[in-house]
Structure formats: structure tokens, C-alpha cells
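So the sequences go chain by chain: A and B. Using the working numbering, the first residue of the first sequence is number 18, and each one after it goes up by one. Using the working numbering, the first residue of the second sequence is number 18, and each one after it goes up by one. Glycine included, each C-beta is placed from N, C-alpha and C at the ideal position. For reference, the structure discussed in these notes is given below.
Number of protein chains: 2
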Amino acid sequence: MTGLPSWRDGAARRAIEEFLAAVTTGPDAVPVAERVAVFDNDGTLWSEKPMPTQLHYIVQGWQRAVRDDPALAARQPYKAVASGDLGWIADAVDKHYQGDDGDLKTLIGALVGQVVDVSVDEYAASVAEFFATALHPVRGVPYAQTVYQPMVELLRHLEAHGFTCYIISGGERDFMRPMTEGNYGIPPERVVGSAFGLSYDEDSATVHYTDALSFFDDGPEKPVRIWTRIGRRPIFAAGNSNGDIAMLDYAARGARPGLALLVHHDDDARGDAPYDKGVEQALDAAADHGYTVVSVRDDWATVFAS
Amino acid sequence: MTGLPSWRDGAARRAIEEFLAAVTTGPDAVPVAERVAVFDNDGTLWSEKPMPTQLHYIVQGWQRAVRDDPALAARQPYKAVASGDLGWIADAVDKHYQGDDGDLKTLIGALVGQVVDVSVDEYAASVAEFFATALHPVRGVPYAQTVYQPMVELLRHLEAHGFTCYIISGGERDFMRPMTEGNYGIPPERVVGSAFGLSYDEDSATVHYTDALSFFDDGPEKPVRIWTRIGRRPIFAAGNSNGDIAMLDYAARGARPGLALLVHHDDDARGDAPYDKGVEQALDAAADHGYTVVSVRDDWATVFAS
Numbered sequence: 018m019t020g021l022p023s024w025r026d027g028a029a030r031r032a033i034e035e036f037l038a039a040v041t042t043g044p045d046a047v048p049v050a051e052r053v054a055v056f057d058n059d060g061t062l063w064s065e066k067p068m069p070t071q072l073h074y075i076v077q078g079w080q081r082a083v084r085d086d087p088a089l090a091a092r093q094p095y096k097a098v099a100s101g102d103l104g105w106i107a108d109a110v111d112k113h114y115q116g117d118d119g120d121l122k123t124l125i126g127a128l129v130g131q132v133v134d135v136s137v138d139e140y141a142a143s144v145a146e147f148f149a150t151a152l153h154p155v156r157g158v159p160y161a162q163t164v165y166q167p168m169v170e171l172l173r174h175l176e177a178h179g180f181t182c183y184i185i186s187g188g189e190r191d192f193m194r195p196m197t198e199g200n201y202g203i204p205p206e207r208v209v210g211s212a213f214g215l216s217y218d219e220d221s222a223t224v225h226y227t228d229a230l231s232f233f234d235d236g237p238e239k240p241v242r243i244w245t246r247i248g249r250r251p252i253f254a255a256g257n258s259n260g261d262i263a264m265l266d267y268a269a270r271g272a273r274p275g276l277a278l279l280v281h282h283d284d285d286a287r288g289d290a291p292y293d294k295g296v297e298q299a300l301d302a303a304a305d306h307g308y309t310v311v312s313v314r315d316d317w318a319t320v321f322a323s
Numbered sequence: 018m019t020g021l022p023s024w025r026d027g028a029a030r031r032a033i034e035e036f037l038a039a040v041t042t043g044p045d046a047v048p049v050a051e052r053v054a055v056f057d058n059d060g061t062l063w064s065e066k067p068m069p070t071q072l073h074y075i076v077q078g079w080q081r082a083v084r085d086d087p088a089l090a091a092r093q094p095y096k097a098v099a100s101g102d103l104g105w106i107a108d109a110v111d112k113h114y115q116g117d118d119g120d121l122k123t124l125i126g127a128l129v130g131q132v133v134d135v136s137v138d139e140y141a142a143s144v145a146e147f148f149a150t151a152l153h154p155v156r157g158v159p160y161a162q163t164v165y166q167p168m169v170e171l172l173r174h175l176e177a178h179g180f181t182c183y184i185i186s187g188g189e190r191d192f193m194r195p196m197t198e199g200n201y202g203i204p205p206e207r208v209v210g211s212a213f214g215l216s217y218d219e220d221s222a223t224v225h226y227t228d229a230l231s232f233f234d235d236g237p238e239k240p241v242r243i244w245t246r247i248g249r250r251p252i253f254a255a256g257n258s259n260g261d262i263a264m265l266d267y268a269a270r271g272a273r274p275g276l277a278l279l280v281h282h283d284d285d286a287r288g289d290a291p292y293d294k295g296v297e298q299a300l301d302a303a304a305d306h307g308y309t310v311v312s313v314r315d316d317w318a319t320v321f322a323s
């Protein structure tokens, strides 16, 4: 599959095609090894509404924990999941973006508590089981059907032009790895995300999670992790939120001008309701730094494959 | 180039060929995507005697610092490089392996001082310049000529059998990246090593080093970094020292039995003098866990290409 059949002929699609022509032919052609493209995940490659998929998995785990130990329901975040009112969780994340990390720390503590001492293989099996059974809470379909078809076409189209594509997500890396090959054709070694701490157990020769979050791969941490993992500066980046600005800038503002795409969820009918929350600064940055804004309403003829 | 022409027909070469036959054909064949091989660098892919190459680069930098500010020569490690007696540096590393990190901390402080606030691109240019001009202090040849020819053949031979090869070194990652493609055919995105801290500068859209060492990629940290970067368990590993035991075990002791090679520098004539220091436990582990020991004297017909 090549080409971009789910993209309407408009400014975004033309910007992509012009960029690909410029970096693959003529005097400014970029060597194949240096054709690196990076993609955010939630809200860029698949739906992040009504909540990021990983939160669904986490809430399921907390619900199990409360069933095993009902006393947990007296404190957050277990109280929220026991009552069925997840507003506290959304508020904790909102507060983080307003500079108050108090509740986020409680959230992360309970998050890390789900994996501490679990081996990476056990966690991968648990995540794979989730993806095999969980349904999107609004659309009632497996999460694989919440993947944005135009973006999968874009991954393949870039690859057909010699690009190597990576996922650089604020989501947690090992939650993504069991599904990225199937959903996006991206193997685990090209998935970068937030990370739990890890330790190696010499007796069993296995790797386990520790009781700490190692880093949160968002905002300015994204270019840092891109360098750490790839050792090259991307010439293409796609994101959809304020947390992607640094990554979009890093691709757009190198010695070789790159293409930065900002997916804008302005569609009121097909899939996610329109939203600008958490995107305000990214839209400003798009105007200031020349990102190409992709309008879901106008630029995508099809949103989901099925 | 395929095959192993610089390897003599012996137990080590036969173990490699039998392993490759088992993982590529028959009922236990491993899918290509899961054929992951990991290699230590210093002492495994090239010479680490009389000192690791990076130490040469570091000493040059400290010598320049003393020239710029002679008062530095009053304290370590500048005192050592100003006097020309590098024994203090070797002792600091030896003490680390005996559990005393005091001098190592001084060493790392001066090491980080060389790169703090430097951009990753500036550092890469400085390292590339070093490799273009520096000569091995004993053999008087460019460091590219200290690469072990049998190991380069092994990299290509594994790739010819569908493997993807990575470098997992205690050496610092961004010091290796400018030379791994040329010396070993391994691109920067497949180089894992110890790491300086990094930060992203939003004004210039560039990544810089901070004033901290992020982690030391040795011993049990190697399997942790393998999982972080690759997300797969290797089925082949090659190392040469105690710091490689965890990595060799990780490859050897998975659900799929892997091959672990321990390069043993027992040759007294061609290149490095024989040495067992820092290898004692690895030789014991080889006996206990079935690593294949590669005798430089007996298994390699040629050591260096030139």
C-alpha cells in the first residue's frame, strides 16, 4: 500500500507530497539513512477520547485491586474507580498541566504499584490480553479499530520514500509495544515512550519493573529521548497537542528544514468530538513556526479503516 | 562478505555455525524479527589496550584544559594528565571494581565537565575529528585499524542469517556513534552505551549535555538498557569481561536457548598482550552457564584486517 487515498486533495496532502519530493529527489535529497520520521501516538495515530487507552487498562487494574482489598476504596485513585467517577483522574492530569503535581504523584504511585516487581514479559502478556478483549467505551469496538487510517497510510507512504518511522509518545513504552506492530506496522525497537524503572534479576536472568517512574516522555523530553534512542535529528514529525511542540520544533528547525504536522481534531461528526483543549499552544506554535495543520474535518476523507 | 574466513575451524566457530543452523532452519527456527544479537565494544569488537579509546580522547581534552588553566594541574585528574602518569586514572577504575567509587566520582566529574552545555552535534563533530587524527599509542595506527576482523565478519555473518546487531557497551554512547557505521557497519540507532544527561533548549531547538552522568551501562544495567532500547530478548551476545556477564546470561538463559560468546585475550603475539584481569568471574560464568569461550590465540587466524 502506498499513496494517501484517505487524504483529500488539499493543503496538508500537498505539503506532504512536496516535502517528500524535495527530500528524495534533486539537490536537497536526504540520504536514506537520515530520513527519520517521528510520530506521537495518542490523538495522532489513534483516538485518545474519551480517555487515552492506557487509562482504561490502568482503571481495570485498580478495579481489580479494590475487589481484592476493599479498604483501598477509601483513598485516591482507588476511590475514583470504585465510585465510577473518573473526574478525579482527569483533574489530576489537568492540574499537572497547570503546574500542580500533587495529585499526579498519587496517580503515578498507584500506577507504578501495578507493575512493581512484575517482569517485562508478564506485563507484555497482560497488555496483549487487554488489547485482545477490551472495547472502546463509546464506540464499542476493539481499540485496533480506533486507529486513524490516514496516519497508517502516511507511515507506509513515508516508508515507501525511504523513511524509518518511530513512535515518540507520552504514553508508556511497554504498554504500546504489544500493539504497535499490529496496529501501525512499527516494531517494538522503534517505540519510545514514558518508562517505568527497570532492574535485572541475576538469579532468574529476567528484567523487572521497579517502584519508580523513570521519565515522562512529553514536551522537551521528547527531543531528548529521540536523540537517546535514534542519534539522528528527524526531518519529519507528527503530533496533536502541546506536549508535541518540542518534538515538532526539533524536526522543523534543523539545518535541513523538516516537515511538522499538527493533527487538529476539528471534526464534529466522525469519531472523536472536536477538541482544542491541550492544543492551544500547539496551534499558536504552528502559526509561528510553520507547522502544517491537518484538519480532520477537511483533510481526511476517511478517519477509521472499518 | 559472508562466512568467517578469519576464524580457524575449531570449537568456537563450530558452535557459531551450529547455533545459526538451529535458529534459521528446522523446528526451532526463530522468526527474523526476533533474531537479535548484542555485542560489547571495548575488548570485544576492538582493542581496549593499553586503555579504552575513549580515555585517549578524554585525556586529550584534560590536557587542553590544563593548557588553558595551569592551576587545574594541582588536582586530579588534571594532575595525572599534566604529569603524564595516568596510573591514577587506572587506579580509580580499579577501585570502582573493588567497591570504592571515591576517585571514580572525581573522574566522572571531570569527564562530564568536558561536555556540559555542549550540543550533541558539536560533540559528534569533536569525536569525529579525534577519530580522523588520533593514533593508537602503541601500534601507531588509526583506531579503525584496531578493530577485530573476525568480529566484523561475525557481525556480517549474523546479518546474512537475518540477525539485527546492536552494540551494548559500557563506553559512552555518543563517543561511539560517529565511528560505529564506518568501523562495524552498525548505525547510530543501534548503539547503546553509558550516557550523559541531556536537555532540550527550546530557543535554539537543540539537544545539549547536562552536568550529570545519566547511567553507566555495565553489568546488570546492560540487560536493562537492552530491554529499554530494543524491547526484545537477544538470542546472541558477545562480550569479553566481567561487566558483560549479565548481558551474556540474558541472551543465554531465555526461553529460547541463546549463544553467548566470551572473547578471551590469551594471545601473546598479535596485538594485545594476554590479559585476564577483569575477566576472572566471566571465565567462571562461562564454565557455569555454558558460554562459548573464543580463544584469540587458537580461534582467530587473523586479528586485525590490515
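Secondary structure at B:Asp59, three-state DSSP: helix, strand or coil?
Here residue 59 of chain B is taken as the residue at index 42 of the second sequence, counted from 1. Correct three-state label for B:Asp59: strand.
C-alpha gap between A:Ile252 and A:Gln298, whole angstroms:
In the first sequence, residue 252 of chain A corresponds to position 235, counting from 1. In the first sequence, residue 298 of chain A corresponds to position 281, counting from 1. Computed Cα separation, rounded: 22 angstroms.
Contact set between A:Asp111 and chain B, taken where Cβ atoms lie within less than 8 angstroms:
Here residue 111 of chain A corresponds to residue number 94 of the first sequence, with the count starting at 1. Those within 8 angstroms of A:Asp111 in chain B number zero; the least Cβ separation is about 23 angstroms.
Buried or exposed for B:Thr61, please, with buried defined as at least 16 other CB atoms from any protein chain shown within 10 angstroms of its CB.
Here residue 61 of chain B refers to the residue found at position 44 of the second sequence. Counting Cβ neighbours within 10 Å, B:Thr61 comes out buried, since at least 16 surround it.
Roughly how many whole angstroms lie between the Cα atoms of B:Val280 and B:Val169?
To locate residue 280 of chain B, count along the second sequence from 1; it is residue 263. To locate residue 169 of chain B, count along the second sequence from 1; it is residue 152. Roughly 13 angstroms between the two C-alpha positions.
Using a Cβ-Cβ cut-off of less than 8 angstroms, give me the residues of the segment 90-116 of chain A that come near chain B, in sequence order.
none
Could you have a look at A:Ser100 and say whether DSSP puts it in helix, strand or coil?
Numbered from its first residue, the first sequence carries residue 100 of chain A at position 83. Helix, per DSSP.
Run through DSSP, which three-state label would B:Asp283 get?
Translated into the one-based positions of the second sequence, residue 283 of chain B becomes position 266. The answer is coil: DSSP assigns B:Asp283 none of H, G, I, E or B.
Run through DSSP, which three-state label would B:Asp289 get?
Counting from one through the second sequence, the residue named residue 289 of chain B turns up at place 272. If DSSP states are grouped into helix, strand and coil, B:Asp289 belongs with coil.
Proximal residues to A:Gly260 (C-beta, below 6 angstroms), its chain only, five neighbours per side dropped:
Looking up residue 260 of chain A in the first sequence gives position 243. Within the same chain, A:Gly260 has close Cβ partners Gly187, Asp235, Gly236.
If you measure from the beta carbon of B:Pro48 to each beta carbon in chain A, is any gap under 8 angstroms?
The sequence position of residue 48 of chain B within the second sequence is 31, counting from 1. Taking Cβ atoms only, chain A never reaches closer than 8 angstroms to B:Pro48, which makes this a no.
Give me the DSSP bridge partner(s) of B:Ser12.
Residue 12 of chain B lies beyond the range of chain B shown here (18 to 323); nothing can be said about it.
How far does the beta strand (DSSP E) with B:Phe253 in it reach, from first residue to last?
One-based indexing of the second sequence puts residue 253 of chain B at position 236. Looking at the DSSP string, the run of the beta strand (DSSP E) that includes B:Phe253 is 253-256.
B:Gly78 - containing alpha helix (DSSP H), residue span
Counting from 1 along the second sequence, the entry for residue 78 of chain B is found at position 61. 70-85 is the extent of the alpha helix (DSSP H) around B:Gly78.
For B:Gly27, which of helix, strand or coil comes out of DSSP?
Stepping through the second sequence from its first residue, residue 27 of chain B is reached at position 10. In this structure, B:Gly27 counts as coil in the three-state DSSP scheme.
How far does the alpha helix (DSSP H) with A:Glu198 in it extend, from its first residue to its last?
As a position in the first sequence, residue 198 of chain A is number 181, starting the count at 1. A:Glu198 -> alpha helix (DSSP H) spans 190-201.
Identity of the residue in A:Thr223, A:Arg242, A:Ser100 nearest A:Phe232 by Cα
Translated into positions along the first sequence, residue 232 of chain A becomes position 215. Residue A:Arg242 is the option with its Cα nearest to A:Phe232.
Would you mind reading off the limits of the alpha helix (DSSP H) that contains B:Ser143?
For the purposes of this step, residue 143 of chain B is taken as the residue at position 126 of the second sequence. From DSSP, the alpha helix (DSSP H) with B:Ser143 extends over 137-150.
Using 10 angstroms around the beta-carbon of B:Gln115, count the other beta-carbons present and answer buried if the total reaches 16, otherwise exposed.
Counting from 1 along the second sequence, the entry for residue 115 of chain B is found at position 98. Classification for B:Gln115: exposed.
According to the neighbour-count rule (16 or more other Cβ atoms, all chains shown, within 10 Å of its Cβ), is B:Gly27 buried or exposed?
On the second sequence, residue 27 of chain B is found 10 positions in, with the first residue counted as 1. Classification of B:Gly27: exposed, given that the 10 Å Cβ count is below 16.
Proximity to B:Pro205 [Cα-Cα], best of B:His225, B:Cys182, B:Asp289, B:Phe213
By one-based count along the second sequence, residue 205 of chain B stands at place 188. Ranking the options by Cα distance to B:Pro205, first place goes to B:Cys182.
Mind checking B:Val53: buried by the 16 CB within 10 Å criterion, or exposed?
Along the second sequence, one-based indexing puts residue 53 of chain B at 36. It is buried - the Cβ of B:Val53 has at least 16 other Cβ atoms within 10 Å.
Per-residue DSSP class, three states only, for A:Ala318:
In the first sequence, the residue the question calls residue 318 of chain A occupies position 301. If DSSP states are grouped into helix, strand and coil, A:Ala318 belongs with coil.
What separation, rounded to the nearest whole angstrom, lies between the Cα atoms of A:Tyr308 and A:Leu276?
Counting from one through the first sequence, the residue named residue 308 of chain A turns up at place 291. Counting from one through the first sequence, the residue named residue 276 of chain A turns up at place 259. Those two C-alpha atoms are separated by around 7 angstroms.
I'd like to know whether the C-beta atoms of B:Ser258 and B:Asp283 end up nearer to each other than 8 angstroms.
Position 241 of the second sequence, counted from the start, is the residue given in the question as residue 258 of chain B. Position 266 of the second sequence, counted from the start, is the residue given in the question as residue 283 of chain B. Not a contact, by the Cβ cut-off of 8 angstroms.
With distances taken Cα to Cα, identify the nearest neighbour of A:Pro94 among A:Ile75, A:Asn200, A:Gly295.
For the purposes of this step, residue 94 of chain A is identified with residue 77 of the first sequence, where counting begins at 1. Checked all of A:Ile75, A:Asn200, A:Gly295; the closest Cα to A:Pro94 is A:Ile75.
Which whole-angstrom value is the C-beta distance of A:Glu189 and A:Ser211, which I expect to be below 8 angstroms?
What you label residue 189 of chain A is simply residue 172 of the first sequence in a count that begins at 1. What you label residue 211 of chain A is simply residue 194 of the first sequence in a count that begins at 1. Going by Cβ atoms, the distance from A:Glu189 to A:Ser211 rounds to 5 angstroms, so yes, they are a contact pair.
Consider the Cβ of B:Gly248: report whether some Cβ of chain A lies at a distance smaller than 8 angstroms.
As a position in the second sequence, residue 248 of chain B is number 231, starting the count at 1. Yes, B:Gly248 lies at the interface with chain A (some Cβ there is under 8 angstroms from its Cβ).
Determine, using beta carbons only, whether B:Tyr217 comes closer than 8 angstroms to chain A.
Reading the second sequence from its first residue, position 200 is the one you call residue 217 of chain B. With 8 angstroms as the cut-off, B:Tyr217 counts as an interface residue toward chain A.
Would you say B:Leu215 and B:Tyr226 are within 8 angstroms of each other, going by their C-beta atoms?
In the second sequence, residue 215 of chain B corresponds to position 198, counting from 1. In the second sequence, residue 226 of chain B corresponds to position 209, counting from 1. Contact flag set, yes.
Between which two residues does the alpha helix (DSSP H) carrying B:Val169 extend?
By 1-based counting over the second sequence, the position of residue 169 of chain B is 152. Unbroken alpha helix (DSSP H) run through B:Val169: 166-177.
Along the segment 268-279 of chain A, where does the CB come closer than 7 angstroms to a CB of chain B? Name the residues.
Arg270
Return the Cβ separation of A:Ala82 and A:Leu72 in integer angstroms, given the expectation that the two are a contact with Cβ distance under 8 angstroms.
Your numbering for residue 82 of chain A matches position 65 in the first sequence. Your numbering for residue 72 of chain A matches position 55 in the first sequence. With a Cβ gap of about 15 angstroms, A:Ala82 and A:Leu72 do not count as contacting.
Is it right to say B:Gly157 is buried, meaning 16 or more other beta carbons lie within 10 angstroms of its own, or is it exposed?
Working through the second sequence from its first residue, we reach residue 157 of chain B at position 140. Counting Cβ neighbours within 10 Å, B:Gly157 comes out exposed, since fewer than 16 surround it.
According to DSSP, which residues form a beta bridge with A:Val209?
The sequence position of residue 209 of chain A within the first sequence is 192, counting from 1. Answer by DSSP bridge pairing, in chain order: A:Ile185.
Taking the alpha-carbon positions, what's the A:Asn104 to A:Ala97 distance?
The residue given as residue 104 of chain A occupies position 87 in the first sequence. The residue given as residue 97 of chain A occupies position 80 in the first sequence. Rather than Asn, the amino acid found at residue 104 of chain A in this sequence is Gly. Straight-line Cα distance between these residues: approximately 7 angstroms.
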